[in-house]
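Let me begin by presenting the structure, written as structure tokens, before commenting on it.
Chains as they are written, first to last, in our numbering: chain W, 413 to 835; chain V, 55 to 339.
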């Protein structure tokens, strides 16, 4: 048996935007397209390359048995596509990959959970979906239940679970998967801090057992902690393979990071439903440049650019500001002002930008997460991304800077104090 | 995608090759067999959740054919006075409805199955065929329940089953194969063309009138017409079902042969189309 676990050669995946743009087609579209396609074929394969995007191209790398390899890159760089190809969810357009050994892929936790089934039943179902044998699930059943800490509710339908319980159970099943090769996507992005710690603990345990792991994450500290080596992807290509610390450093300093700007590209735009498509979210510093770093004592702007395929009634586009620990700071919508809401009762089709000015002297120093949402109140939610980007606030000159201590709380407003003499 | 398997044909392959596939691809029944436990769990899930959050629960499995039978007996029996081959009308309609509903539910559920399981298709690998297959097979439980009712009705009407009863599983199997064939086509098409969701109820309705559910196949004149009629596999199934249970009509012969051939063609072509479409399911669904 060779010491090679995965060998990827010139792997590539082409997505036709025209094909996925509407998510699904009608028969009429297909007929016109077929006619057009036939014409193009007569003229010799023209035209169809323009509305196609290589989500991944010419990816070549090896992973040795027992190696833990990190995969980093911003959204749309091809990380998820790579995992989907290796886990055989979708077929490559070119190239090939050899996989030596049993593969388990965790692109999310709780895949296939059915809300009507009990925790017990879902353990079996989810286990089978993840590729476990029935006997294997039976053997590990008690262990899974213990890990999930939901013993009392194991015979309750999971639709009655809190989201925390649901996640714990889902992760417990996933954590007991014992493939030779484990492919893990951003599963740690969900859940509270406690849950993330538990997941990370389990991940490092897996890594130490000598299994091969491919670990995709936005959590740079997790990547440095869990992996020895990492590859950096940018726009579908592998731009670097290096020891993790070096790769993370390259990623953060080369402007590939998510900081300050988030652009939705290609098929990512389609994660939204219907007529709303996000284009970009930016934090603009005092000089109007997209930046991951703003100063607490100066106002800054957040702009969200989006495209409407058709007019939307009662649309409100909002921002969620969260701390890096996930605690909400505030929520604001672009039509909070009743006059604006009245004026924009119908938002016409086309490109729009909603800009929000964050006043000076509001936020404390530290890292913040911005989420976005677009919905029509009580009608429909078109798009939500709760962790669209992160930015850092610099506290230089903030109230109380004369004391070099950390101030608790996400806000650091400049408030008026009056100190009077009382006698 | 091909699996380079070693000598143990059904064992886990040592090396999996991920690469673009071309042409018509194989049926990959081996892959489906490797995932038989998943198929089993999917069937089990479909059965479990079928009547969740309903007041009457599994009683619906019996109520559906029973109520339809009453409607048929009133409209086609009483009002239109369509002959029922000297069998008590309730029995005649009920016996026809059992295999028909197995087919109808199978086709409707399978047709929607892949789209409904989009979250699975985009997140995990397994032979996609497991999904429509499970939807079709899960209907067997309903059939079993209503079959018990039918046996009771036969006792009441004093109809004694003959040795022909032993052939009944064959007709059920034929109904399943036909439903799977149509289900494969519809489910794969539904992924790309959501029109299927609108076409299916209509298709099923037309199909019912093209099958001897509400009337007897003996109404169709002998000769070439009967053979064309037999091209609808459900004609053979429903008529055969009544013959096996109630001794109505002639033992299946030419009609059955035609039905069998068409059913096999449906399932094979469905599988081929499905395999071709399967490659892009995760990208399109």
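Don't be surprised by glycine CBs; every beta carbon is placed ideally from N, CA and C.
**Request:** Using beta-carbon positions only, say whether residue 245 of chain V and residue 335 of chain V come within less than 7 angstroms of one another.
**Result:** Taking the second chain and counting its residues from 1, one reaches residue 245 of chain V at position 191. Taking the second chain and counting its residues from 1, one reaches residue 335 of chain V at position 281. Cβ distance < 7 angstroms, so residue 245 of chain V and residue 335 of chain V count as in contact.
**Local Cβ density within 10 Å of residue 699 of chain W, reported as buried at 16 or more and exposed below that** = Mapped onto the first chain, residue 699 of chain W falls at position 287. Residue 699 of chain W is classed as exposed because its beta carbon has fewer than 16 other beta carbons within 10 Å across all chains shown.
**Asked** Does the stretch 140-151 of chain V touch the stretch 264-279 of chain V, meaning 3 or more C-beta pairs lie closer than 8 angstroms?
**Response** Judged by pairs of C-beta atoms under 8 angstroms, the stretch 264-279 of chain V touches the stretch 140-151 of chain V, as three or more such pairs exist.
**Request:** Return the first residue and the last residue of the alpha helix (DSSP H) that residue 754 of chain W is part of.
**Result:** Translated into positions along the first chain, residue 754 of chain W becomes position 342. Counting along the chain, the unbroken alpha helix (DSSP H) around residue 754 of chain W starts and ends at 750-755.
**Message:** Here's the rule I'm using: 16 or more other beta-carbon atoms within 10 Å means buried, otherwise exposed. How should residue 523 of chain W be labelled?
**Reply:** As a working mapping, residue 523 of chain W is identified with position 111 in the first chain. Per the 10 Å Cβ criterion, buried.
**Request:** Provide the residue(s) that pair with residue 690 of chain W in DSSP beta bridges, ordered along the chain.
**Result:** Along the first chain, read from residue 1 onward, the residue named residue 690 of chain W stands at position 278. W:718, per the DSSP bridge assignment.
**Message:** Can you pull the chain V neighbours of residue 813 of chain W, defined as C-beta to C-beta under 7 angstroms?
**Reply:** Residue mapping note: residue 813 of chain W aligns to position 401 of the first chain, counting from 1. Within chain V, no residue comes near residue 813 of chain W; the closest Cβ sits about 48 angstroms away, beyond 7 angstroms.
**Nearest to residue 844 of chain W (by Cα), restricted to the options W:651, W:830 and W:582** = Because residue 844 of chain W is not part of the residues shown, which for chain W are 413 to 835, the question remains open.
**Item:** DSSP beta-bridge partners of residue 484 of chain W
**Value:** To locate residue 484 of chain W, count along the first chain from 1; it is residue 72. Looking at the DSSP assignment, residue 484 of chain W forms a beta bridge with W:644.
**Asked** Helix or strand or just coil, what does DSSP make of residue 244 of chain V?
**Response** Translated into positions along the second chain, residue 244 of chain V becomes position 190. Residue 244 of chain V: helix per DSSP, three-state reduction.
**Asked** At least one CB of chain C closer than 7 angstroms to the CB of residue 72 of chain V: is that the case?
**Response** This model lacks chain C altogether; the protein chains it does include are W and V.
**Asked** Within 7 angstroms (strictly less), CB to CB, does residue 489 of chain W reach chain V?
**Response** Here residue 489 of chain W is taken as the residue at index 77 of the first chain, counted from 1. Output row for residue 489 of chain W: interface = no.
**Request:** Quick one: give me the first and last residue of the alpha helix (DSSP H) that residue 119 of chain V is part of.
**Result:** Counting from 1 along the second chain, the entry for residue 119 of chain V is found at position 65. Unbroken alpha helix (DSSP H) run through residue 119 of chain V: 113-126.
**Partners in chain V for residue 508 of chain W, counting only beta-carbon separations shorter than 9 angstroms** = Position 96 of the first chain, counted from the start, is the residue given in the question as residue 508 of chain W. In chain order: 71, 72, 73 and 74.
**Message:** Buried or exposed, going by whether 16 or more other CB atoms sit within 10 Å of the CB of residue 708 of chain W?
**Reply:** Looking up residue 708 of chain W in the first chain gives position 296. Of the other Cβ atoms in all chains shown, 16 or more fall within 10 Å of the Cβ of residue 708 of chain W; this residue is therefore buried.
**Request:** Measure the C-alpha to C-alpha separation of residue 119 of chain V and residue 423 of chain W and round it to an integer number of angstroms.
**Result:** Here the question's residue 119 of chain V lines up with position 65 in the second chain. Here the question's residue 423 of chain W lines up with position 11 in the first chain. So the alpha carbons of these two residues sit roughly 53 angstroms apart.
**Message:** Do residue 321 of chain V and residue 141 of chain V have their beta-carbon atoms positioned less than 7 angstroms apart in this structure?
**Reply:** Looking up residue 141 of chain V in the second chain gives position 87. Looking up residue 321 of chain V in the second chain gives position 267. Judged by beta-carbon spacing, residue 321 of chain V lies beyond the 7 angstroms limit of residue 141 of chain V, meaning their Cβ atoms are not closer than that value.
**Message:** I need the straight-line Cα distance from residue 808 of chain W to residue 744 of chain W, nearest angstrom please.
**Reply:** The residue you call residue 808 of chain W lines up with position 396 of the first chain. The residue you call residue 744 of chain W lines up with position 332 of the first chain. Approximately 26 angstroms between the Cα atoms of the pair.
**Prompt:** To the nearest whole angstrom, what separates the beta carbons of residue 693 of chain W and residue 801 of chain W, a pair I think is in contact under 8 angstroms?
**Reply:** As a position in the first chain, residue 693 of chain W is number 281, starting the count at 1. As a position in the first chain, residue 801 of chain W is number 389, starting the count at 1. Confirmed, Cβ separation roughly 6 angstroms.
**Item:** Spatial distance of residue 821 of chain W from residue 776 of chain W (CA atoms)
**Value:** Residue 821 of chain W sits at position 409 when you count from the first residue of the first chain. Residue 776 of chain W sits at position 364 when you count from the first residue of the first chain. The C-alpha of residue 821 of chain W lies about 7 angstroms from the C-alpha of residue 776 of chain W.
**Request:** Tell me whether residue 721 of chain W is buried or exposed, calling it buried when 16 or more other Cβ atoms sit within 10 Å of its Cβ.
**Result:** On the first chain, residue 721 of chain W is found 309 positions in, with the first residue counted as 1. Counting of Cβ neighbours within 10 angstroms places residue 721 of chain W among the exposed residues, the total staying below 16.
**Message:** Under 8 angstroms: do the stretch 195-203 of chain V and the stretch 108-117 of chain V share three or more Cβ pairs, one atom per stretch?
**Reply:** Judged by Cβ distances under 8 angstroms, the stretch 195-203 of chain V makes contact with the stretch 108-117 of chain V, as three or more pairs qualify.
**Prompt:** Is it buried or exposed for residue 347 of chain V, if we count other Cβ within 10 angstroms and need 16 for buried?
**Reply:** The first residue shown for chain V is 55 and the last is 339, placing residue 347 of chain V beyond what the model contains.
**DSSP state of residue 573 of chain W mapped onto helix, strand, coil** = For the purposes of this step, residue 573 of chain W is taken as the residue at position 161 of the first chain. Secondary structure at residue 573 of chain W: coil, using DSSP grouped into helix, strand and coil.
**Message:** Which of the three DSSP states is assigned to residue 772 of chain W in this structure?
**Reply:** On the first chain, position 360 is the one that residue 772 of chain W refers to. Residue 772 of chain W: coil per DSSP, three-state reduction.
**Message:** Per DSSP, what are the beta-bridge partners of residue 420 of chain W in this structure?
**Reply:** Residue 420 of chain W sits at position 8 when you count from the first residue of the first chain. Partner(s): W:473 and W:509.
**Proximity winner among W:726, W:519, W:816 and W:811, relative to residue 826 of chain W (alpha-carbon distances)** = Residue mapping note: residue 826 of chain W aligns to position 414 of the first chain, counting from 1. The shortest Cα separation from residue 826 of chain W among W:726, W:519, W:816 and W:811 belongs to W:811.
**Request:** Can you say whether residue 389 of chain W is buried or exposed, counting buried as having 16 or more other CB atoms within 10 angstroms of its CB?
**Result:** What is shown of chain W runs 413 to 835, which leaves residue 389 of chain W out entirely.
**Proximal residues of chain V, C-beta to C-beta of residue 799 of chain W below 9 angstroms** = Within the first chain, numbered from 1, the residue matching residue 799 of chain W stands at position 387. Near residue 799 of chain W there are no residues of chain V at all, since even the closest Cβ is about 19 angstroms away, more than 9 angstroms.
**Asked** So which of W:767, W:653, W:502 and W:550 has the shortest CA-CA distance to residue 712 of chain W?
**Response** As a working note, residue 712 of chain W is residue 300 in the first chain. The option with the nearest alpha carbon to residue 712 of chain W is W:767.
**Asked** For residue 525 of chain W, which of helix, strand or coil comes out of DSSP?
**Response** For this step, residue 525 of chain W is matched to residue 113 along the first chain. Look at residue 525 of chain W here: in three-state DSSP terms it is coil, with no helix or strand label.
**Item:** Beta-carbon gap between residue 170 of chain V and residue 89 of chain V smaller than 7 angstroms
**Value:** Counting from one through the second chain, the residue named residue 170 of chain V turns up at place 116. Counting from one through the second chain, the residue named residue 89 of chain V turns up at place 35. No, these two residues do not count as a Cβ contact at 7 angstroms.
**Asked** Between residue 99 of chain V and chain W, is there a C-beta pair that is closer than 7 angstroms?
**Response** The residue labelled residue 99 of chain V in the question sits at position 45 within the second chain. Under the Cβ criterion of 7 angstroms, residue 99 of chain V is counted among the residues facing chain W.
**Prompt:** In whole angstroms, what is the alpha-carbon distance linking residue 158 of chain V and residue 546 of chain W?
**Reply:** Along the second chain, read from residue 1 onward, the residue named residue 158 of chain V stands at position 104. Along the first chain, read from residue 1 onward, the residue named residue 546 of chain W stands at position 134. The alpha-carbon atoms of residue 158 of chain V and residue 546 of chain W are separated by roughly 32 angstroms.
**Prompt:** If you follow the alpha helix (DSSP H) that residue 172 of chain V is part of, which residue opens it and which one closes it?
**Reply:** Working through the second chain from its first residue, we reach residue 172 of chain V at position 118. In the DSSP assignment, residue 172 of chain V falls within the unbroken alpha helix (DSSP H) covering 172-175.
**Asked** Quick one, which residues of the stretch 541-568 of chain W are near chain V if we go by CB-CB under 8 angstroms, in chain order?
**Response** Those residues of the stretch 541-568 of chain W placed with their C-beta closer than 8 angstroms to a C-beta in chain V are 541, 542, 543, 545 and 546, ordered along the chain.
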